[in-house]
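Right, one structure below, let's go through it.
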Amino acid sequence: MKKIALSAFLLVLPMAALAQAPAAPAKGDPAAGKAKAVAICSGCHGIPGTKTAYPEVYNVPKIGGQNADYLAAALRAYRSGDRYNQTMKGLASALSEKEVADIAAYYGQK
Amino acid sequence: MKIKSSLILLSVLSLSLPLTAQAAGNAAEGAKLSETCKACHGEGGAKPIQPDYPVLAGQHADYLVAALNQYKSGKRKNASMNGFAAALKPQDIQNLAAYFASQPSDLKVKY
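Line order of the protein sequences matches chains A and B.
Be aware that the first sequence starts at 6, since it is given in our numbering, and climbs by one per residue.
Be aware that the second sequence starts at 30, since it is given in our numbering, and climbs by one per residue.
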């Protein structure tokens, strides 16, 4: 009986660990991300007061100091269509996974 | 005649004003609603409990309004946020956005 309980416990343990595991951290290279960011992101996100255009007008979000993993998730969501913005969909779709991680790491630097 | 057309012009201009002006959010009212948000986004929206959740503190209010509206309409998809946003009235969204925009954080425009 003890043995069964123990094996059940051992079986559940790794599952629990899996459920608790936080989202995989973005392991981007901020220096590589900077070059890419200056080339494609800064024109809007690097200039105070830049607004979106059609169909809604609002300030583009501040992304400096934002959580890197969130920024990477946002770029992937634009790519998959879970988030929609025509400009961002085009830009995000052109990025490799490494570039996503690098750009996220650059803006995520605190 | 000149006066009449100026009057018409003036009334047309004033009609178009509410379309561009943001309905002002009330940060104090937003603070009361923010208890739900705090559970994940942290105190003042500045300390999210997960690295893939965004900092809301110090973000542009009009961007936060747009984000909540997109979650509410389903245009932006997130299982948790779609549910929360669906329950918010337009004025609640304005108030929450005003509150989070007013909170201190490290968010900045970075070139």
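Every residue, glycine too, gets a C-beta built ideally from N, C-alpha and C.
| Asked | Found |
| --- | --- |
| Residues near Ala-73/A in its chain [Cβ-Cβ closer than 6 Å; skip 5 each side] | Ala-31, Ala-109, Ala-110, Gly-113 |
| Chain A contact for Lys-137/B (CB, 8 Å cutoff) | yes |
| Neighbourhood of Pro-27/A by C-beta, 8 Å cutoff - its chain only, sequence neighbours within 5 removed | Legend: pLDDT at Pro-27/A = 47, less than 50; position of this residue unreliable, value from coordinates given subsequently. Answer for Pro-27/A: no residue qualifies. |
| Minimum Cβ-Cβ distance from Ser-47/A to chain B less than 8 Å | yes |
| Contact between the region 118-133 of chain B and the region 51-65 of chain B (3+ Cβ pairs under 8 Å) | yes |
| Best match in Gly-74/B, Glu-64/B, Thr-65/B for proximity to Gln-132/B [C-alpha to C-alpha] | Gly-74/B |
| Start and end residues, alpha helix (DSSP H) containing His-50/A | 47-50 |
| Ala-90/B versus Ala-108/B: straight-line alpha-carbon distance, rounded | 23 Å |
| Check whether Tyr-63/A and Thr-55/A have beta carbons under 8 Å apart | no |
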